[in-house]
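Colleague: Okay, here's the structure, questions in a sec.
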């Protein structure tokens, strides 16, 4: 499953390490709704923006 998440991040131009960190922070408890899963997907514009922001903060 982790390999799939890493490859999906890479395929969508998202840093895999930072994506997985955010995913583990935001992963909802219990059974996530379809809407929650969509927001956590690496192709989600909001997730791409959060990963970029995380990378920027790390480089400062």
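Numbering (this note's numbering), first residue to last: 15 to 74.
Even for Gly, the Cβ is constructed at its ideal location relative to N, Cα and C.
Residue range of the alpha helix (DSSP H) that residue 60 falls in?
Modeller: Segment 59 to 73, the alpha helix (DSSP H) holding residue 60.
Colleague: Under a Cβ-count criterion, where at least 16 other Cβ atoms within 10 Å of its own Cβ denotes burial, should residue 42 be classed as buried or exposed?
Modeller: By the 10 Å Cβ count, residue 42 comes out exposed.
Colleague: For residue 57, collect the residues of the same chain with a Cβ closer than 7 Å to its Cβ; drop the 5 residues on either side in sequence, then sort them by chain order.
Modeller: Result list for residue 57: 26, in chain order.
Colleague: Inspect the beta-carbon positions of residue 38 and residue 61 and report whether they are closer than 8 Å.
Modeller: Cβ distance not < 8 Å, so residue 38 and residue 61 don't count as in contact.
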